[in-house]
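S.K.:
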Amino acid sequence: MRTRFAPSPTGFLHVGGLRTALYACALAKQNGGQFLLRIEDTDQERNVPGAIEQIIHSLQWAGLAPTEGVVLQDGQVAQAGAKGPYIQSERLEIYRKHADLLHERGYAYPCFCTKDRLEAMRKQQEAAHQAPMYDRHCLQLSTEEIDKKLAAGEPHVLRLKIPRDEVISFEDDIRGLVTFRGDTIDDQVLLKSDGFPTYHLAHVVDDHLMEIDVVLRGEEWLSSLPKHLLLFQYFGWTPPRYAHVSLLLNKDKSKLSKRQNSVSVDEYRNKGYLPEALINFLALLGWNPGTTQEIFTLEELIQQFSLDRAQKAGAIFDLEKLDWLQGQWMRKLPLQDFADRIREDVGEQYSAALTDPKFLERVALIQERIIFFHEAPDMLSYFYQEPAVNMDVILSAKQKVTTDILATILDLLTKTLEGMADANWTADGIKNALEQALTDSGFKRGQLLWVLRAAVTGRDYSPGAYEVAASVGKEETVKRLQNVNALIKS
RNA sequence: GGCGCCGUAGUGUAGCGGUUAACACAUCUGACUUUCGAGUCAGACAUCGUGGGUUCGAAUCCCACCGGCGUCCCCA
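All you need for our numbering is the position in the first sequence, starting with 1, plus 52.
#1: Report yes if the C-beta distance between Thr72 and Val297 is below 7 Å; otherwise report no.
#2: Count the C-beta pairs between the region 359-375 and the region 214-228 that are closer than 8 Å, then say yes if the count reaches three, no if not.
#3: Assign Tyr186 to one of three DSSP states: helix, strand, or coil.
#4: Helix or strand or just coil, what does DSSP make of Val100?
#5: Any idea if Ile418 is buried or exposed, counting beta-carbon neighbours within 10 angstroms, 16 or more meaning buried?
#6: How many whole angstroms separate the CB atoms of Val317 and Leu65, which I take to be in contact at a CB cut-off of 8 Å?
#7: Use the C-beta contact count for Gly68: other C-beta atoms within 10 angstroms, 16 or more gives buried, fewer gives exposed.
#8: Are the CB atoms of Ile107 and Pro59 within a distance shorter than 7 Å?
#9: Assign Ala485 to one of two classes, buried (16 or more other C-beta atoms within 10 Å of its C-beta) or exposed (fewer than that).
#10: In the structure shown, what three-state DSSP assignment does Cys77 receive?
#11: State the beta-bridge partners of Glu223 as determined by DSSP.
#12: When we look at the beta-carbon of Ser514 and count the other beta-carbons within 10 Å, is it buried (16 or more) or exposed?
#13: Helix, strand or coil for Gln86 per DSSP?
#14: Roughly how many whole angstroms lie between the Cα atoms of Val520 and Val508?
#15: Check whether the region 159-178 and the region 103-122 touch, using three or more Cβ-Cβ pairs below 8 Å as the test.
#16: Which residues mark the beginning and the end of the alpha helix (DSSP H) in which Thr491 is found?
#17: Checking the sheet assignment: what are the DSSP bridge partners for His296?
#18: Taking the CB atoms as reference points, tell me whether Pro292 and Ile264 lie closer together than 7 Å.
#19: Is Phe164 helix, strand or coil by DSSP?
#20: Is it buried or exposed for Asp392, if we count other Cβ within 10 angstroms and need 16 for buried?
#21: If you count every other CB in all the chains shown that lies within 10 Å of the CB of His181, and 16 or more means buried, which is it?
#22: Of the residues Thr407, Phe411, Leu377, which one's Cα is nearest the Cα of Phe390?
#23: From what residue to what residue does the beta strand (DSSP E) around Ala522 run?
#24: Are the region 127-137 and the region 92-99 in contact at 8 Å, needing three or more beta carbon pairs?
#25: Taking Thr62 as the reference, which of Trp477, Glu105, Val230, Leu243 has the closest Cα?
#26: Alpha carbon to alpha carbon, what distance is there between Gln437 and Asp512?
#27: Mapping DSSP to helix, strand and coil, what is Lys467?
#28: How long is the line joining the alpha carbons of Ser245 and Ala76, rounded to whole angstroms?
#29: Would Leu464 pass as a contact of Ala489 if the rule is Cβ separation under 7 Å?
#30: Excluding five sequence neighbours on each side, which residues of the same chain lie with their C-beta closer than 6 Å to the C-beta of Asp235?
#31: Under the three-state reduction of DSSP, which class applies to Phe57: helix, strand or coil?
#32: Once you ignore the five residues that flank Gly510 on each side, which residues in its own chain have a CB closer than 7 Å to its CB?
#33: So the alpha helix (DSSP H) Asn204 belongs to, where does it begin and stop?
#34: Could you say which of Asp430, Gly247, Ala416 lies nearest to Val398 if we only look at CA atoms?
#35: May I ask you to verify whether the region 148-167 touches the region 188-204, counting CB pairs closer than 8 Å and requiring at least 3?
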């Protein structure tokens, strides 16, 4: 099985592109086949320098590095494989030969119409509420006229001659049977006047020559499918299987766009998303395993992916689930790896963290709650700095911590904790001591714990009170309780 | 406008003629754990786009309509 991903080097890799690449890669790899990267740079005006490197970097980051075609060698763009070149601008001769073939066989004809004429024609058609289509002006030209114009070097394109009385049907791997009427299809330009092919010609020629078995691409290509099918027929080739993948959508259901969303893979990477999370999320947008499994490694996706469980309807790109997945994958990181990823960042704000013997223990506490690496310094702040506490955090209506009893609670906490032996100062030890105090005092558990946690951390959301107090240390815990006491009096 | 595709909770999906319409995320309740926006558990949230038809029985099959999107470039 051979599949390919064929982006244009017009900028960063798009998340929709990454999903298509993922599906294509999974399909190839699950059968031990090849996943190759081809660069479609036939529009000279839109090519962006450096885009090829960018795209491959992003694919690599996601774990989808191609095994054939355009690759990166020591950071340089290179090509690997026997069916190259894999960059379309290096295949111009191939396209020209195939275009000539079509011309000779009468399946294509040269067109000398100027852009102005075409534009005027379209305007007219639009005004008359007709579908804008080439009017075949140049199809009426006699052989002599054509030869004369050609000899004079008049700029021209080559157009595909669509049989208007045919009906074209095809069984798409995702959408099932799709049908098109020939008379609604335009005579597509195959070869531009600059000698470059259009997508349509290049796609058919390349995917045949590169022996691609399944073409995966976005649904926006579906209406061009009949043209491609016709081309395969005219060349005398068997078309590949096609799978038109549903679109990724904005909240308003329009095609995912920069205006409303981050669309480049790089942006997600820079925001701190793990490649595992993004891939996992993308896989589930438009595909399901048929089981209730939600968390997938790339390996699992490669094993389990299948086109018959791919979705036909477009999927709204909704970040909430991505963030949940991101949290899940953060939790899966080995503690040491996780610590290494955040150490520098935390150290920048709290230099003590760099030499902190308890660093790992503290990091473990926040790993359960963190979504993004960049949250780490803030989440660890109270281990390295006395928190600024205020009454809004200490008091809690829900936990029934009110002004009139606060002093008593603080007093109880302070006395209980101060009286503990240093050897007992562990999460469990603190728990035991507090449980005892609890039964003696008649307070609710939450009343004590809320105050303790808020006093030590200064925030209404953090790891558990016992663990935090244990890690901060006895002396410091007591000190922070007293800080709150001072706050009451002021 | 022509053509094409699509239409199940807010979102992603399951469902393939008989289910209390399932799962996950989000939101909201309630309970429990060790306080929390963390964890565990239990609930709430769906005119299955609409209308007709076929059938004892339809989210599932048929028809019509509506809506959304895509496409109609010498862009890909």
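Ideal Cβ placement from N, Cα and C applies to all residues, glycine included. No experiment lies behind these values; they were computed from the predicted model shown.
M.R.: According to the data block:
#1: In the first sequence, counting from the first residue as 1, residue 72 sits at position 20. In the first sequence, counting from the first residue as 1, residue 297 sits at position 245. For Thr72 and Val297, yes; Cβs fall inside 7 Å.
#2: yes
#3: The sequence position of residue 186 within the first sequence is 134, counting from 1. In the structure shown, Tyr186 sits in coil (DSSP, three-state: anything other than H, G, I, E or B).
#4: The count along the first sequence starts at 1 and reaches residue 100 at position 48. Looking at Val100 - three-state DSSP - the assignment turns out to be coil, as it is neither helix nor strand.
#5: Within the first sequence, numbered from 1, the residue matching residue 418 stands at position 366. With 16 or more Cβ atoms within 10 Å of its Cβ, Ile418 is classed as buried.
#6: The count along the first sequence starts at 1 and reaches residue 317 at position 265. The count along the first sequence starts at 1 and reaches residue 65 at position 13. About 4 Å separates the two Cβ atoms, so the contact holds.
#7: For the purposes of this step, residue 68 is taken as residue 16 along the first sequence, with counting starting at 1. When all chains shown are included, Gly68 counts as buried.
#8: Start at 1 with the first residue of the first sequence, and residue 59 comes out as number 7. Start at 1 with the first residue of the first sequence, and residue 107 comes out as number 55. Going by C-beta atoms, Pro59 is nearer than 7 Å to Ile107.
#9: As a first step, residue 485 is located in the first sequence; it is residue number 433 there, counting from the start. Per the 10 Å Cβ criterion, buried.
#10: Within the first sequence, residue 77 is the residue found at index 25, counting from 1. Helix at Cys77.
#11: Taking the first sequence and counting its residues from 1, the one referred to as residue 223 is at position 171. DSSP output for Glu223 lists Leu229 as bridge partner(s).
#12: Here residue 514 is taken as the residue at index 462 of the first sequence, counted from 1. Burial call: buried.
#13: Working through the first sequence from its first residue, we reach residue 86 at position 34. Correct three-state label for Gln86: strand.
#14: Indexing the first sequence from 1 puts residue 520 at position 468. Indexing the first sequence from 1 puts residue 508 at position 456. Roughly 7 Å between the two C-alpha positions.
#15: no
#16: Sequence index remark: in the first sequence, residue 491 carries index 439 (1-based). Per DSSP, Thr491 belongs to the alpha helix (DSSP H) from 479-493.
#17: Counting from one through the first sequence, the residue named residue 296 turns up at place 244. In DSSP, His296 forms a bridge with Arg269.
#18: For the purposes of this step, residue 292 is taken as residue 240 along the first sequence, with counting starting at 1. For the purposes of this step, residue 264 is taken as residue 212 along the first sequence, with counting starting at 1. Yes, they are a contact pair.
#19: Here residue 164 refers to the residue found at position 112 of the first sequence. Three-state DSSP puts Phe164 in coil, outside helix and strand.
#20: The residue given as residue 392 occupies position 340 in the first sequence. With fewer than 16 Cβ atoms within 10 Å of its Cβ, Asp392 is classed as exposed.
#21: Mapped onto the first sequence, residue 181 falls at position 129. With fewer than 16 other Cβ atoms within 10 Å, it is exposed.
#22: Locating residue 390 in the first sequence gives position 338, counting from the first residue. When only C-alpha atoms are compared, the closest one is Phe411.
#23: Here residue 522 refers to the residue found at position 470 of the first sequence. Counting along the chain, Ala522 falls outside any beta strand (DSSP E), though it belongs to the alpha helix (DSSP H) covering 517-524.
#24: no
#25: Counting from one through the first sequence, the residue named residue 62 turns up at place 10. It is Glu105.
#26: For the purposes of this step, residue 512 is taken as residue 460 along the first sequence, with counting starting at 1. For the purposes of this step, residue 437 is taken as residue 385 along the first sequence, with counting starting at 1. Approximately 17 Å between the Cα atoms of the pair.
#27: For the purposes of this step, residue 467 is taken as residue 415 along the first sequence, with counting starting at 1. Three-state DSSP puts Lys467 in a helix.
#28: As a working note, residue 245 is residue 193 in the first sequence. As a working note, residue 76 is residue 24 in the first sequence. Distance between the alpha carbons of Ser245 and Ala76: 33 Å.
#29: Sequence index remark: in the first sequence, residue 464 carries index 412 (1-based). Sequence index remark: in the first sequence, residue 489 carries index 437 (1-based). Yes, Cβ-Cβ distance for Leu464 and Ala489 is below 7 Å.
#30: Sequence index remark: in the first sequence, residue 235 carries index 183 (1-based). The residues are Arg216.
#31: Here residue 57 refers to the residue found at position 5 when the first sequence is read from its first residue. Residue state, collapsed to three classes: strand.
#32: Position 458 of the first sequence, counted from the start, is the residue given in the question as residue 510. Once the five neighbours on either side are set aside, the close Cβ partners of Gly510 are Tyr434, Pro439, Ala440, Val441, Val445.
#33: For the purposes of this step, residue 204 is taken as residue 152 along the first sequence, with counting starting at 1. The question names Asn, but residue 204 is Ala in the sequence shown. Taken as a continuous stretch (DSSP letters only), Ala204 belongs to no alpha helix (DSSP H), as it is neither H nor E.
#34: Looking up residue 398 in the first sequence gives position 346. Answer by Cα proximity: Asp430.
#35: yes
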